[in-house]
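**Q** Let me give you the structure first, and then I'll get to my questions.
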Amino acid sequence: MSRTLNEPEKVRPATREAVMKAAAELGFVLNSAARALSTRRSSTVGVIVPSYGNEVFVRALSSFQRTMRAAGYQVLAASSEYDLATEMQEAAFLLQRGVDGLMLVGGIHDPDLYARAERSQVPIIQSFSLSDREYCVGFDNREATFRAANYLLDLGHKRLAVVTGTRENNDRAAPRAEGVHLAMAERGLELSPAHDLIVSSGIVAGRDAFGQLMGGPKEQRPTGIICGTDEIALGIMSEASERGVDIPRTLSVIGFNDSSFSAVLSPPLTTIRVDADEIGKSSALALLNLMGAKTMVQVTRITPELVLRGTVAPPDKL
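See the structure below:
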C-alpha cells in the first residue's frame with residue numbers, strides 16, 4: 001500500500017486501483033503533509049492555461065485532470081490571461097505549494113519560470129505547440145492553417161483574410177496567420193495587410209472584424225476568412241447574418257478548434273479540429289513519465305483535421 005500511495009506512477013494501474021479501493025473501504029485518509037515531508041512529493045501537479053474562456057483549454061485541462069486523478073495526483077490550475085508576468089506569479093505560487101510537475105501552454109514563457117522549476121527539480125511539459133527545446137505535446141499551427149488556406153484556394157478563392165487573437169506572447173496565433181500567408185505566397189498571391197487582423201478574443205471581436213474586412217469596395221473584400229478560434233468565426237457569422245451577407249455563397253468562413261457549438265450553428269461551421277482531450281491525456285502521461293524519471297519521446301505530435309461542414313463554398317461568381 002505504501003508504494004501505491006507514495007509513488008502511484010510506479011504501480012500498475014490495476015494494482016493501483018485495487019489498493020485505492022481497499023484504502024477507501026478501510027476509511028484510510030492520507031496525510032498529504034506528512035507524505036510530502038517523507039517522500040519530498042506532494043502528489044499535486046500544476047497547470048497554467050492562457051484563458052478559461054477558450055473551450056479548447058478547458059477540455060484539455062479536464063482530460064489532463066482525469067488522467068492525473070487516475071494516477072493518484074491532484075491538479076492545481078491557474079489562468080495567465082495571456083500575460084507573462086501573471087503566468088510567472090501563478091507559477092511561483094504553484095512551485096511554493098510544492099507541485100511535482102507543471103503543464104504549460106505554448107513555448108513562450110519568462111526564462112525565470114524555467115530556472116525556478118529547474119532549481120526545484122520540477123519537470124515541465126509544454127502543450128498546444130511544438131518545440132525542439134522542451135518536452136511537448138502539440139501540433140504544427142502553421143501547417144494547420146496552411147492546409148485550410150489551400151483548401152479555399154483550390155476552390156477558386158483568391159482574396160483571403162486571417163483573423164486571430166493576440167500574437168504577443170502567443171506562439172499559436174502568429175503561426176496560424178503565417179500559414180495563410182505562406183499558402184497564398186506559394187500561388188503567387190499576396191495577403192493584403194488590411195486582411196490580416198489581430199483582435200481581442202471572443203465573439204464580439206469577430207463581429208468587429210467583419211466590419212473591418214467587409215467595409216471596403218466589393219472587389220477588394222475577402223471571399224474567404226480563416227479565424228484563429230471558433231469564437232471569432234461565430235462573431236463573423238453573426239455579423240454577416242445581420243448584414244445580409246450569405247455564408248457560404250458570398251463569404252466562406254473557417255474556424256479553429258472545433259468547439260462544441262461549431263456543429264450546431266446555421267450553417268454548421270467548417271473548422272480545424274484540435275483533439276484537446278488527447279492533448280490533455282498525452283500531456284499528463286508525459287508528465288508522469290518525467291516525474292518518474294523514465295525515458296520518453298521528447299515530442300508527441302497531434303495532427304489537426306480540417307472538418308468540412310457548411311460555411312465553405314467556391315467564391316460567388318455573380
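Numbering of the sequence shown is given in the UniProt record's numbering, commencing with residue 1 and proceeding in unit increments.
C-beta: ideal position from N, C-alpha, C; glycine also.
What you are looking at is a predicted structure, and each value in this text was computed from that prediction instead of being measured.
(1) Along the alpha helix (DSSP H) that carries VAL180, what are the first and last residues, could you check?
(2) May I have the straight-line CA-CA distance separating GLY53 from ALA284, to the nearest angstrom?
(3) On the DSSP letters alone, give me the boundaries of the beta strand (DSSP E) that LEU104 sits inside.
(4) Around the Cβ of LEU213, are there at least 16 other Cβ atoms within 10 angstroms (buried) or fewer (exposed)?
(5) Start and end of the alpha helix (DSSP H) containing ASN289?
(6) Pull up the distance between the alpha-carbon of ASN150 and that of THR15, whole angstroms please.
(7) Can you tell me whether DSSP reads VAL199 as helix, strand or coil?
(8) Would you tell me roughly how many angstroms separate the C-alpha atoms of ILE225 and ASN141, rounded to the nearest one?
(9) What first and last residue would you give for the alpha helix (DSSP H) that runs through VAL56?
(10) Could you give the residue range of the alpha helix (DSSP H) that holds ALA313?
(11) Checking the sheet assignment: what are the DSSP bridge partners for GLN126?
(12) Write down every uninterrupted run of the alpha helix (DSSP H) in the region 216-258 whose length is 4 residues or greater and which is fully enclosed by it, in chain order.
(13) Is the beta carbon of LEU84 less than 9 Å from the beta carbon of ILE108?
(14) Using a threshold of 9 Å, state whether the C-beta atoms of GLU168 and TYR82 are closer than that.
(15) Which residue wins for smallest C-alpha separation from ARG273, given the options LEU61, PRO267, ALA77, ALA263?
(16) What does DSSP give as the partner residue(s) for LEU46 in the beta ladder?
(17) What residues match up with GLY81 in a beta bridge as DSSP calls it?
(18) Compare the C-alpha of PHE128 against each of LEU104, PRO268, GLU143, PRO217 and name the closest.
(19) What separation, rounded to the nearest whole angstrom, lies between the Cα atoms of ARG147 and SER266?
(20) CB PHE139 to CB THR303, shorter than 9 Å?
(21) Let me know if SER241 comes out buried or exposed under the rule of 16 or more other beta-carbons within 10 Å of its beta-carbon.
(22) First and last residue of the alpha helix (DSSP H) that includes THR145?
(23) Going by DSSP in three states, LEU113 sits in which element: helix, strand or coil?
**A** Quick look at the numbers:
(1) Within the sequence shown, numbered from 1, the residue matching residue 180 stands at position 180. Here the alpha helix (DSSP H) through VAL180 covers 173-185.
(2) Walking along the sequence shown from the start, residue 53 turns up at place 53. Walking along the sequence shown from the start, residue 284 turns up at place 284. Their backbone Cα atoms lie some 22 Å apart in a straight line.
(3) Counting from one through the sequence shown, the residue named residue 104 turns up at place 104. Run containing LEU104: 102-105, per the beta strand (DSSP E) assignment.
(4) Taking the first residue of the sequence shown as 1, we reach residue 213 at position 213. Under this definition LEU213 is a buried residue.
(5) Along the sequence shown, read from residue 1 onward, the residue named residue 289 stands at position 289. That run of the alpha helix (DSSP H) goes 276-291.
(6) Working through the sequence shown from its first residue, we reach residue 150 at position 150. Working through the sequence shown from its first residue, we reach residue 15 at position 15. ASN150 and THR15: Cα-Cα distance of roughly 50 Å.
(7) Your numbering for residue 199 matches position 199 in the sequence shown. Correct three-state label for VAL199: coil.
(8) To locate residue 225, count along the sequence shown from 1; it is residue 225. To locate residue 141, count along the sequence shown from 1; it is residue 141. Between ILE225 and ASN141, the C-alpha separation is close to 16 Å.
(9) Counting from one through the sequence shown, the residue named residue 56 turns up at place 56. Where VAL56 is concerned, the enclosing alpha helix (DSSP H) stretches over 55-70.
(10) Mapped onto the sequence shown, residue 313 falls at position 313. Unbroken run through ALA313: none, as it is neither H nor E.
(11) One-based indexing of the sequence shown puts residue 126 at position 126. In the DSSP output, where bridge partners are listed per residue, GLN126 has LEU104, CYS136.
(12) 230-242
(13) Position 84 of the sequence shown, counted from the start, is the residue given in the question as residue 84. Position 108 of the sequence shown, counted from the start, is the residue given in the question as residue 108. Closer than 9 Å, so yes.
(14) Counted from its first residue, the sequence shown places residue 168 at position 168. Counted from its first residue, the sequence shown places residue 82 at position 82. Yes, they are a contact pair.
(15) In the sequence shown, the residue the question calls residue 273 occupies position 273. Cα-wise, what sits closest to ARG273 is ALA263.
(16) Looking up residue 46 in the sequence shown gives position 46. Note on identity: in this sequence residue 46 is Gly, with Leu being the wrong assignment. Per DSSP, LEU76, LEU102.
(17) By one-based count along the sequence shown, residue 81 stands at place 81. According to the sequence displayed, residue 81 carries Glu and not Gly. In the DSSP output, where bridge partners are listed per residue, GLU81 has none listed.
(18) Sequence index remark: in the sequence shown, residue 128 carries index 128 (1-based). Here the closest residue by C-alpha is LEU104.
(19) Position 147 of the sequence shown, counted from the first residue, corresponds to residue 147. Position 266 of the sequence shown, counted from the first residue, corresponds to residue 266. Their backbone Cα atoms lie some 24 Å apart in a straight line.
(20) Position 139 of the sequence shown holds residue 139. Position 303 of the sequence shown holds residue 303. In this structure, THR303 lies closer than 9 Å to PHE139 by Cβ.
(21) Here residue 241 refers to the residue found at position 241 of the sequence shown. Burial call: exposed.
(22) Looking up residue 145 in the sequence shown gives position 145. That run of the alpha helix (DSSP H) goes 141-154.
(23) Here residue 113 corresponds to residue number 113 of the sequence shown, with the count starting at 1. Note: LEU113 maps to helix in three-state DSSP.
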